[in-house]
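S.K.:
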(Lines of atoms letter the chains of each structure in order from A; the text may use other names.)
(Lines give C-alpha, C1' and ligand atoms only; values in the text may rest on other atoms or scores of the structure.)
Protein backbone atom coordinates (compact mmCIF):
# COMPACT_ATOMS: atom_id res chain seq x y z
CA UNK A 2 0.00 0.00 0.00
CA UNK A 3 1.30 3.42 -0.93
CA UNK A 4 1.37 5.79 2.01
CA UNK A 5 -0.56 9.02 1.63
CA UNK A 6 1.50 12.20 1.91
CA UNK A 7 1.23 14.36 5.00
CA UNK A 8 0.22 18.01 4.69
CA UNK A 9 3.89 18.98 5.03
CA UNK A 10 4.94 16.57 2.25
CA UNK A 11 2.09 17.66 -0.02
CA UNK A 12 2.93 21.32 0.62
CA UNK A 13 6.59 20.66 -0.26
CA UNK A 14 5.48 19.07 -3.54
CA UNK A 15 3.35 22.12 -4.34
CA UNK A 16 6.42 24.36 -3.79
CA UNK A 17 8.45 22.08 -6.12
CA UNK A 18 5.71 22.18 -8.74
CA UNK A 19 5.45 25.98 -8.59
CA UNK A 20 9.22 26.22 -9.06
CA UNK A 21 8.96 23.82 -12.03
CA UNK A 22 6.54 26.04 -13.95
CA UNK A 23 3.47 24.42 -12.33
CA UNK A 24 4.28 20.88 -13.47
CA UNK A 25 1.50 18.52 -12.27
CA UNK A 26 0.12 21.29 -10.04
CA UNK A 27 -3.47 19.98 -10.11
CA UNK A 28 -2.26 16.55 -8.98
CA UNK A 29 -0.35 18.11 -6.07
CA UNK A 30 -3.31 20.32 -5.10
CA UNK A 31 -5.54 17.21 -4.99
CA UNK A 32 -2.99 15.41 -2.79
CA UNK A 33 -2.79 18.46 -0.52
CA UNK A 34 -6.58 18.63 -0.27
CA UNK A 35 -6.74 14.94 0.72
CA UNK A 36 -3.96 15.39 3.28
CA UNK A 37 -5.71 18.42 4.82
CA UNK A 38 -8.92 16.38 5.13
CA UNK A 39 -7.08 13.43 6.73
CA UNK A 40 -5.37 15.70 9.24
CA UNK A 41 -8.54 17.66 10.00
CA UNK A 42 -7.15 20.97 8.79
CA UNK A 43 -9.15 23.67 7.03
CA UNK A 44 -6.40 25.51 5.17
CA UNK A 45 -2.92 25.18 3.71
CA UNK A 46 -0.25 27.67 4.80
CA UNK A 47 2.48 28.79 2.43
CA UNK A 48 5.47 31.10 2.88
CA UNK A 49 5.39 33.95 0.34
CA UNK A 50 9.20 34.05 0.29
CA UNK A 51 9.30 30.47 -1.07
CA UNK A 52 6.92 31.23 -3.95
CA UNK A 53 8.19 32.13 -7.43
CA UNK A 54 5.61 34.96 -7.46
CA UNK A 55 5.23 35.87 -3.80
CA UNK A 56 4.00 39.38 -4.49
CA UNK A 57 0.42 40.35 -3.73
CA UNK A 58 -0.97 39.63 -7.21
CA UNK A 59 0.82 36.27 -7.32
CA UNK A 60 -0.59 35.31 -3.91
CA UNK A 61 -4.13 36.33 -4.91
CA UNK A 62 -3.87 34.32 -8.13
CA UNK A 63 -2.63 31.29 -6.19
CA UNK A 64 -5.46 31.61 -3.65
CA UNK A 65 -8.07 31.82 -6.40
CA UNK A 66 -6.64 28.85 -8.31
CA UNK A 67 -6.45 26.65 -5.21
CA UNK A 68 -9.91 27.77 -4.02
CA UNK A 69 -11.39 26.58 -7.33
CA UNK A 70 -9.93 23.17 -6.47
CA UNK A 71 -11.27 23.14 -2.92
CA UNK A 72 -8.18 24.24 -0.98
CA UNK A 73 -8.10 27.40 1.15
CA UNK A 74 -4.65 29.00 1.08
CA UNK A 75 -3.24 31.29 3.77
CA UNK A 76 0.20 32.86 3.85
CA UNK A 77 2.53 32.98 6.82
CA UNK A 78 3.95 36.31 7.86
CA UNK A 79 7.53 36.42 6.70
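In my numbering, the protein residues as written are 2 to 79. Built from N, CA and C at the ideal position, the CB exists for glycine as well. Here the structure is a predicted model, which means the values were calculated and not measured.
Going by beta carbon distance, what residues of the same chain come within less than 8 Å of residue 68, once the five residues before and after it are set aside?
M.R.: On the chain shown, position 67 is the one that residue 68 refers to. Taken in chain order, the residues that qualify are 74.
S.K.: I need the DSSP call for residue 5, collapsed to helix, strand or coil.
M.R.: Reading the chain shown from its first residue, position 4 is the one you call residue 5. It is coil, neither helix nor strand.
S.K.: If you reduce the DSSP assignment to three classes, tell me which class residue 78 lands in.
M.R.: Position 77 of the chain shown, counted from the first residue, corresponds to residue 78. Correct three-state label for residue 78: coil.
S.K.: Rounded to whole angstroms, what's the CA-CA distance from residue 44 to residue 37? Just pull it up for me.
M.R.: Within the chain shown, numbered from 1, the residue matching residue 44 stands at position 43. Within the chain shown, numbered from 1, the residue matching residue 37 stands at position 36. Distance between the alpha carbons of residue 44 and residue 37 is about 7 Å.
S.K.: Does the Cβ-Cβ distance between residue 15 and residue 30 come in under 8 Å?
M.R.: In the chain shown, residue 15 corresponds to position 14, counting from 1. In the chain shown, residue 30 corresponds to position 29, counting from 1. For residue 15 and residue 30, yes; Cβs fall inside 8 Å.
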